[in-house]
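Going down the list, the sequences are from chains H and W. 279 is the number that our numbering gives the last residue of the first sequence; the numbers go up by one with no jumps. 638 is the number that our numbering gives the last residue of the second sequence; the numbers go up by one with no jumps.
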Amino acid sequence: MKEHEHLIYKYLRSSKKFPHIWCPGCGIGILLGALIRAIDSGGYSKDDIVLISGIGCSGRLPTYVDFNTLHTTHGRALTFATGIKLANPSLKVIAVMGDGDATAIGGNHFIHTARRNVGITSIVINNNTYGMTGGQFSPTTPFGLKTSSSPYGNLESTFDICGLAREAGATFVARSTVYHARLLEEIIGLALNKEGFSVVEVISNCTTYFGREIGLASPVEMLKWQRDNAVLVEKAKDLRDEELKQKIVIGVLVDRKAPAYHELYKKLIAKCRLENDEI
Amino acid sequence: MAGCRFYAGYPITPATEIMEQMSRQLPKVGGVFIQMEDEIASLGAVIGASLAGLKSMTATSGPGFSLMQEHISFACMAEVPCVIVDVMRGGPSTGLPTQPSQGDVMQARWGAHGDHPIIVLCPSSTYEFFDLTIKAFNLSERYRIPVILLADEVVAHMRESVTLPPKEKIVIEERRKPSVPPEWYIPYDDRQTDVPAMPAFGEGYRYHVTGLAHDIRGYPTTRNDEVGPLIDRLFNKISKNFHLLQWFDSYETEDSIVTIIAYGSVARSALHAVKEARKKGLKVGLVKLKVLWPFMRHTVMTFLESSAKVLVPEMNMGQLSREVKRVNQGRCEIVTLNKADGTMLSPKEILRSLEDIYP
Chain H
1 MKEHEHLIYK YLRSSKKFPH IWCPGCGIGI LLGALIRAID SGGYSKDDIV LISGIGCSGR
61 LPTYVDFNTL HTTHGRALTF ATGIKLANPS LKVIAVMGDG DATAIGGNHF IHTARRNVGI
121 TSIVINNNTY GMTGGQFSPT TPFGLKTSSS PYGNLESTFD ICGLAREAGA TFVARSTVYH
181 ARLLEEIIGL ALNKEGFSVV EVISNCTTYF GREIGLASPV EMLKWQRDNA VLVEKAKDLR
241 DEELKQKIVI GVLVDRKAPA YHELYKKLIA KCRLENDEI
Chain W
280 MAGCRFYAGY PITPATEIME QMSRQLPKVG GVFIQMEDEI ASLGAVIGAS LAGLKSMTAT
340 SGPGFSLMQE HISFACMAEV PCVIVDVMRG GPSTGLPTQP SQGDVMQARW GAHGDHPIIV
400 LCPSSTYEFF DLTIKAFNLS ERYRIPVILL ADEVVAHMRE SVTLPPKEKI VIEERRKPSV
460 PPEWYIPYDD RQTDVPAMPA FGEGYRYHVT GLAHDIRGYP TTRNDEVGPL IDRLFNKISK
520 NFHLLQWFDS YETEDSIVTI IAYGSVARSA LHAVKEARKK GLKVGLVKLK VLWPFMRHTV
580 MTFLESSAKV LVPEMNMGQL SREVKRVNQG RCEIVTLNKA DGTMLSPKEI LRSLEDIYP
């Protein structure tokens, strides 16, 4: 506990921006805690961290912490992140987005940033809904679910965020729930260590809207649901496809090597400068 | 030469040549070029790079310019310097690729959502394009505001020989960095000046940047006693310096009875028409505007007062002429000459119009 208090003083902004805007029982706070612990144990300097967000409940996250922080437009966090990383590759760039933010309005930016393999750690908080606007269905809302904008049931199928990231070219892809806070901290630490584009999907709970829609009315019930439905990737191998469909596979799903865009560009600059000097 | 070290863009006719040049030149000077997935992403990356300390720009044409409006608005609110070139082509929609137009004059002023000031510069020659690009970067850095270079296709594709000034004669401005240590730094401090100092990310000043209305520390606020002064300051930084943004050329206006007010390639046709008309003994003149927004109302007013008639030729259905009429308030008669069929306004057409309206 003492150690946590120390982290609070070290990383939270003490000026007038508290209390935060999140509902009681929201999972984003658990993610923020895990992120701060991962950054702290990674030994990064606060001056070198740029924490970027899009719009939505997750968009407010950078406001509260003492880094270089940037709250951008809806879905576009990764575009700003790309500019920052390329302008100053020595910065550690982290983008926090929601499921609607990253895969609906920002879907195009998400796949192309992954394809380019720009050195950005992206954290997608997936609460299966648009929380800030009042519980409309998102690209990760289950088929058939009645929400405030699908009163007769959702007719759309869902995105697998990790699958999307893997196919688009991310060099590190992992998933955790907020219930598995220690695992979450661990995989964020691994993601921060990657040179290229890394994605951490965080299954979170929006009790206020999504919980109500699926009949889990309290944060505790939702966290228990995460506990009971998550299966570690190592154990998932032994399960049949039908069994897996109902499960959330957690752990490191992809970890591969590929040259990061900003590294390639650095080499290009060196080459062009050399040729320029020769002329 | 202006110090630009970052370019992000998306191919679009007739602005692609700018991007191709930047992809070749920037890495030679240690800068970065990136081709993004669309124009929204392009301006996002430009703003990001600017926050990380690099002078940054993008270039596009009408359809891409529409996509950029979201981030122009962001750059206005968060006060991030950046330069956007819009090479106007015929519209609406996909319209007339590679054919000239001046249809984005009002979009450049009002396209981004929310009430905001903006600076829009308009070149009419290759040299002016060079000169105004440097000025655009200087103004953008000085006032922490997006600056739009609004060119038409004719000027953008024009080839003409230019004499560049010696490097030491070119004035390059840099954004003001904080002079206080990080613990004293207030990101949007409005007590001393309307344009707060701006450190780059990574320089030790850890501050918050947001598109939300914010207080002087940069944190979101909805308090009217904080939002009001913020919006006032955003406007003040331009309106208080209005007198520094009066760039125009005038020809034969000392005794002109009919004066043309024009910009971009149309001003070139107009100059030709004025020379022809003078040969015929008509007392006509030309005012060529290089700043479209903020509109140079005091400058324009003097010509409205000295002329019997003012002709505003434009390659659109009448955009800047509305502003001229607003300023005119009955001072003289305003005549418009409009064309939006994808061809440029020729000297002959302008001359004919001059002869028609000459009293």
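C-beta atoms are modelled at their ideal positions from N, C-alpha and C, and glycine is treated no differently. From a predicted model like this one, the values you see are computed outputs, not experimental measurements.
Would the beta-carbon of LYS562 of chain W fall within 8 Å of that of MET594 of chain W? Within the second sequence, the letter at position 283 stands for residue 562 of chain W. Within the second sequence, the letter at position 315 stands for residue 594 of chain W. Contact: no.
Can you list, in chain order, the residues of its chain with a C-beta nearer than 6 Å to that of THR308 of chain H? Leave out the 5 residues immediately preceding and following it. Not covered by the structure: residue 308 of chain H. The range shown for chain H is 1 to 279.
Helix, strand or coil, according to DSSP, for VAL450 of chain W in the structure here? Locating residue 450 of chain W in the second sequence gives position 171, counting from the first residue. DSSP places VAL450 of chain W in coil when its eight states are reduced to three.
For the structure I just gave you, are there three or more beta carbon pairs, one from the region 346-359 of chain W and one from the region 133-151 of chain H, closer than 8 Å? no
ALA619 of chain W CB to nearest chain H CB: under 8 Å? By one-based count along the second sequence, residue 619 of chain W stands at place 340. Not closer than 8 Å to any Cβ of chain H, the Cβ of ALA619 of chain W fails to qualify, so no.
Would you verify that the beta carbon of CYS272 of chain H is, or is not, closer than 8 Å to some beta carbon of chain W? Within the first sequence, residue 272 of chain H is the residue found at index 272, counting from 1. Taking Cβ atoms only, chain W reaches closer than 8 Å to CYS272 of chain H, which makes this a yes.
Check whether the Cβ atoms of ILE161 of chain H and VAL124 of chain H lie closer than 8 Å to each other. Taking the first residue of the first sequence as position 1, residue 161 of chain H is located at position 161. Taking the first residue of the first sequence as position 1, residue 124 of chain H is located at position 124. Yes. Within cutoff.
State whether the region 460-473 of chain W contacts the region 494-512 of chain W, with contact taken as three or more CB pairs (one from each stretch) at a distance under 8 Å. yes
Proximity below 8 Å, CB of ASN127 of chain H to CB of CYS206 of chain H: Taking the first sequence and counting its residues from 1, the one referred to as residue 127 of chain H is at position 127. Taking the first sequence and counting its residues from 1, the one referred to as residue 206 of chain H is at position 206. Cβ distance < 8 Å, so ASN127 of chain H and CYS206 of chain H count as in contact.
Under 7 Å Cβ-Cβ, which residues of chain W neighbour HIS109 of chain H? Translated into the one-based positions of the first sequence, residue 109 of chain H becomes position 109. Within chain W, the residues near HIS109 of chain H are GLU316 and ALA320.
Kindly list the residues whose CB is nearer than 8 Å to the CB of GLU263 of chain H, restricted to its own chain and excluding five residues on each side of it in sequence; keep chain order. Position 263 of the first sequence, counted from the start, is the residue given in the question as residue 263 of chain H. If we look at GLU263 of chain H and ignore the five residues flanking it on each side, its Cβ neighbours are PRO89, GLY119 and GLU195.
Proximal residues to LEU568 of chain W (C-beta, below 6 Å), its chain only, five neighbours per side dropped: Here residue 568 of chain W refers to the residue found at position 289 of the second sequence. Correct list, in chain order: PHE527 and TYR542.
Taking only the alpha-carbon atoms, compute the straight-line gap between VAL96 of chain H and GLU296 of chain W and give it to the nearest angstrom. The count along the first sequence starts at 1 and reaches residue 96 of chain H at position 96. The count along the second sequence starts at 1 and reaches residue 296 of chain W at position 17. Spanning the two alpha carbons is a distance of roughly 35 Å.
Can you tell me where the alpha helix (DSSP H) with ASN641 of chain W in it begins and where it stops? For chain W, the structure presents residues 280 to 638; residue 641 of chain W sits outside this window and is missing.
Beta-carbon separation of ALA236 of chain H and VAL249 of chain H under 8 Å? Translated into positions along the first sequence, residue 236 of chain H becomes position 236. Translated into positions along the first sequence, residue 249 of chain H becomes position 249. Going by C-beta atoms, ALA236 of chain H is nearer than 8 Å to VAL249 of chain H.
Unbroken alpha helix (DSSP H) run spanning LYS558 of chain W, endpoints: Translated into positions along the second sequence, residue 558 of chain W becomes position 279. That run of the alpha helix (DSSP H) goes 544-558.
Whole-angstrom distance between LEU616 of chain W and HIS74 of chain H, CA atom to CA atom: Counting from 1 along the first sequence, the entry for residue 74 of chain H is found at position 74. Counting from 1 along the second sequence, the entry for residue 616 of chain W is found at position 337. Going from the Cα of HIS74 of chain H to the Cα of LEU616 of chain W covers about 42 Å.
Any C-beta of chain H sitting closer than 8 Å to the C-beta of HIS551 of chain W? Residue numbering aside, residue 551 of chain W sits at position 272 when the second sequence is read from its first letter. False, the Cβ-Cβ gap to chain H never drops below 8 Å.
Whose Cβ in chain W lies nearer than 8 Å to the Cβ of VAL249 of chain H? Residue 249 of chain H sits at position 249 when you count from the first residue of the first sequence. Those do not exist, as VAL249 of chain H stays about 29 Å from chain W at its closest Cβ, beyond 8 Å.
Verify whether the separation of the beta carbon atoms of SER321 of chain W and GLY282 of chain W is less than 8 Å. For the purposes of this step, residue 321 of chain W is identified with residue 42 of the second sequence, where counting begins at 1. For the purposes of this step, residue 282 of chain W is identified with residue 3 of the second sequence, where counting begins at 1. In this structure, GLY282 of chain W does not lie closer than 8 Å to SER321 of chain W by Cβ.
Could you pull out every residue in the same chain whose Cβ sits closer than 6 Å to the Cβ of SER600 of chain W, ignoring the five residues on either side in sequence? If you number the second sequence from 1, residue 600 of chain W lands on position 321. Closer than 6 Å at the Cβ level, and outside the excluded window around SER600 of chain W, lie VAL591 and THR615.
Would you verify that the beta carbon of PHE67 of chain H is, or is not, closer than 8 Å to some beta carbon of chain W? To locate residue 67 of chain H, count along the first sequence from 1; it is residue 67. Chain W, which has a Cβ nearer than 8 Å to the Cβ of PHE67 of chain H, makes this yes.
In the DSSP assignment, find the unbroken beta strand (DSSP E) run with GLY98 of chain H in it and report its ends. Along the first sequence, read from residue 1 onward, the residue named residue 98 of chain H stands at position 98. 92-98 is the span of the beta strand (DSSP E), which, as asked, contains GLY98 of chain H.
Fully enclosed by the region 175-260 of chain H, which alpha helix (DSSP H) runs are 4 residues long or longer? 181-193, 219-229, 233-236 and 241-245
With a CB to CB cut of under 7 Å and the five nearest residues on each side skipped, what residues in its chain are close to HIS109 of chain H? Taking the first residue of the first sequence as 1, we reach residue 109 of chain H at position 109. Excluding sequence neighbours, HIS109 of chain H sits near GLY75, ARG76, LEU78 and THR79.
In chain H, which residues lie less than 7 Å from ARG485 of chain W when you measure between Cβ atoms? As a first step, residue 485 of chain W is located in the second sequence; it is residue number 206 there, counting from the start. Chain H residues near ARG485 of chain W: LYS46, ASP47, ASP66, PHE67 and ASN68.
Just to confirm, is the Cβ distance from GLU531 of chain W to LEU565 of chain W under 8 Å? Indexing the second sequence from 1 puts residue 531 of chain W at position 252. Indexing the second sequence from 1 puts residue 565 of chain W at position 286. Taking a C-beta distance under 8 Å as the contact criterion, GLU531 of chain W and LEU565 of chain W qualify as a contact pair.
For ASP365 of chain W, is the classification buried or exposed, using 16 other Cβ atoms within 10 angstroms of its Cβ as the cut-off for buried? Here the question's residue 365 of chain W lines up with position 86 in the second sequence. Under this definition ASP365 of chain W is a buried residue.
Sort W:LYS627, W:VAL589, W:TYR637 and W:VAL570 by Cα distance to ALA387 of chain W and report the nearest one. Indexing the second sequence from 1 puts residue 387 of chain W at position 108. Residue nearest to ALA387 of chain W within the set W:LYS627, W:VAL589, W:TYR637 and W:VAL570 is W:VAL570 (criterion: CA-CA distance).
Using CA atoms only, rank isn't needed, just tell me which of W:LEU550, W:ILE540, W:GLU299 and W:ALA556 is closest to VAL589 of chain W. On the second sequence, position 310 is the one that residue 589 of chain W refers to. When each option's Cα is compared against that of VAL589 of chain W, the closest is W:ILE540.
Who are the near neighbours of LYS17 of chain H in its chain, counting only those whose CB is closer than 7 Å to its CB and skipping five residues on each side? Stepping through the first sequence from its first residue, residue 17 of chain H is reached at position 17. Around LYS17 of chain H: THR63 and TYR64.
Is the CB-CB distance between ASP40 of chain H and LEU91 of chain H below 8 Å? Taking the first residue of the first sequence as 1, we reach residue 40 of chain H at position 40. Taking the first residue of the first sequence as 1, we reach residue 91 of chain H at position 91. The answer is no: Cβ separation not under 8 Å.
Contacting residues, own chain, Cβ-Cβ under 8 Å from ALA258 of chain H (five flanking each side not counted): Translated into the one-based positions of the first sequence, residue 258 of chain H becomes position 258. Excluding sequence neighbours, ALA258 of chain H sits near ASN117, GLY169, THR171 and GLY196.
Could you give the DSSP three-state label for PHE416 of chain W: helix, strand or coil? By one-based count along the second sequence, residue 416 of chain W stands at place 137. Reduced to three states, the DSSP call for PHE416 of chain W is helix.
If distances are taken between C-alpha atoms only, which option among H:LEU253, H:LEU86, H:LEU61 and H:LYS46 comes closest to ALA174 of chain H? Residue 174 of chain H sits at position 174 when you count from the first residue of the first sequence. Of the candidates H:LEU253, H:LEU86, H:LEU61 and H:LYS46, the one whose C-alpha sits nearest the C-alpha of ALA174 of chain H is H:LEU253.
Starting from the Cα of LEU418 of chain W, find the closest Cα among W:PRO360, W:TRP389 and W:PHE409 and give me that residue. Taking the second sequence and counting its residues from 1, one reaches residue 418 of chain W at position 139. Nearest C-alpha to LEU418 of chain W: W:PRO360.
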